[in-house]
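Data block below; observations after.
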Amino acid sequence: RVVRPDGPDRAILEIGLQAWPVPAPLVRDAEGWRFDGNEGVEVVQDRVVGRNELKAIEVLRAYVDAQVEYASEDRDGDQVLAYAQRIASTPGQQDGLYWDVEESDEPSPFGPFLAEAGVSADREAGSPYYGYRFAILKRQGENVPGGAYDYVINDNMIAGFAMVAWPAEYADSGVMTFMVNQRGEVVEKDMGETTSELGPRIETYNPDGTWTPVEDD
321 RVVRPDGPDR AILEIGLQAW PVPAPLVRDA EGWRFDGNEG VEVVQDRVVG
371 RNELKAIEVL RAYVDAQVEY ASEDRDGDQV LAYAQRIAST PGQQDGLYWD
421 VEESDEPSPF GPFLAEAGVS ADREAGSPYY GYRFAILKRQ GENVPGGAYD
471 YVINDNMIAG FAMVAWPAEY ADSGVMTFMV NQRGEVVEKD MGETTSELGP
521 RIETYNPDGT WTPVEDD
C-alpha cells in the first residue's frame, strides 16, 4: 500500500502490485483524515462508464472485421458475396455473423459476446452488453461520401454496412453514442438526456458535423 499526496489536504491510497488507486480519496478535515465516500461513488461510476464505452468501441471495430470476413465467402449459395444483415444466424444456417460451432465445423466471424447483446437487423433489442445496445444500419445518408443510398440491393447487403451503439441508461451505463460503417472509422456524439429515445430511432448511418472521430488509444 502506498499513500500518494494529491494536495495539502488530500491523498490517494494505492494498493496492489499495479498501484491500483482506491476510488474514495483520503481527505483531511477538522477531525483528521477520512475517506470521501461520496467522491468515491462518482469515481467508480466514471470508471464504469469509461469501461463500457471502450467495450462499445471494441465491439464496433470487431463488427467491421467480422463483416469483411463474412462477405469473403458465399454463405447462402446464391452466388453473391454479401454482408450479413443480422448478428445471430437462424438456427442451422449461416445468415448472420455468429452461429453455433456445434452446427458447423467452421467458426463464425463474430464471437458469441455480441450475440449476447441481442443485436439483430430487425432492431429488436436484447439485454445490453456492458451497458450498451447495438443495431445494424442498412442505409447511409447524404452526409456520407457517396451520398444517400441503401446498402441492401435485391435482398443482398452488398453496398456497405454500418452499426450504431448507444448507452442503455444515459450517464449511468455510458455517455457517448457511437457509429461505424465499412470504412472502419468509429465516430461518437453525446446526444444528452434524450439518448434512450433517440438511439433506437437511428436507422441510417449519417453522421454530421456534430459527430467526431474516436481517437485510437
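Remember, my numbering sits 320 above the position in the sequence shown when you count from 1.
For glycine and all other residues, C-beta sits at the position ideal for the given N, C-alpha and C.
Grab me the residues of S409's own chain with a C-beta within less than 7 Å of its C-beta, minus the 5 sequence neighbours each way, in chain order.
D415, G416, Y418 and W419.
Can you tell me whether D442 is helix, strand or coil according to DSSP?
The pLDDT assigned to D442 is 46, lower than 50, so where the model puts this residue is not dependable; a value taken from the coordinates is nonetheless given after this. If DSSP states are grouped into helix, strand and coil, D442 belongs with coil.
So what does N474 bridge to, in DSSP terms?
N474 is not bridged to any residue.
Give me the DSSP bridge partner(s) of F498.
Bridge partners of F498: A485 and E508.
If you draw a straight line from the C-alpha of A491 to the C-alpha of R354, how long is it?
Whole-angstrom Cα-Cα distance: 28 Å.
Would the beta-carbon of A402 fall within 9 Å of that of N476?
Yes, they are a contact pair.
If you follow the beta strand (DSSP E) that E334 is part of, which residue opens it and which one closes it?
Where E334 is concerned, the enclosing beta strand (DSSP E) stretches over R330 to I335.
For Q460, which beta-bridge partners are listed by DSSP?
Note: Q460 sits in a beta bridge opposite Y469 and Y525.
Just the C-alpha distance for A376 and Y450, rounded to the nearest angstrom, thanks.
Cα to Cα, A376 sits roughly 8 Å from Y450.
Report the option in P465, D396 and P328 whose CA atom is closest to the CA atom of G352.
Of the candidates P465, D396 and P328, the one whose C-alpha sits nearest the C-alpha of G352 is P328.
Using the Cβ count rule (16 or more neighbours within 10 Å means buried), how would you classify N474?
By the neighbour-count rule (16 or more Cβ atoms within 10 Å), N474 is not buried but exposed.
Roughly how many whole angstroms lie between the Cα atoms of V369 and A488?
Their backbone Cα atoms lie some 11 Å apart in a straight line.
Return the first residue and the last residue of the alpha helix (DSSP H) that L518 is part of.
T515 to L518 is the extent of the alpha helix (DSSP H) around L518.
Tell me whether D385 sits in a helix, a strand or coil according to DSSP, three-state version.
Here D385 sits in helix by DSSP.
Measure the alpha-carbon distance for E362 versus Y452 and round it to whole angstroms.
E362 and Y452: Cα-Cα distance of roughly 20 Å.
Note down the Cα distance separating P520 from A485, rounded to an integer number of angstroms.
If I take the Cα positions, the gap works out to 9 Å.
Given that a residue counts as buried once 16 or more other Cβ atoms are within 10 Å of its Cβ, and exposed if not, what is L457?
L457 should be labelled buried.
Verify whether the separation of the beta carbon atoms of Q387 and F481 is less than 9 Å.
Taking 9 Å as the Cβ cut-off, Q387 and F481 qualify as a contacting pair.
Given a cut-off of 9 Å on the beta-carbon distance, is the pair R276 and A331 in contact?
Residue 276 falls outside the range modelled here, since the chain spans only 321 to 537, and no answer is possible.
Name, in chain order, the residues that DSSP records as bridge partners for T532.
T532 pairs with E508.
For a test of the three-state rule: what should DSSP assign to R324, helix, strand or coil?
Note: R324 maps to strand in three-state DSSP.
Run the proximity test for V322: is its beta-carbon closer than 8 Å to any non-hydrogen atom belonging to the ligand PLP?
Ligands displayed in this structure: none; no statement on the ligand PLP is therefore possible.
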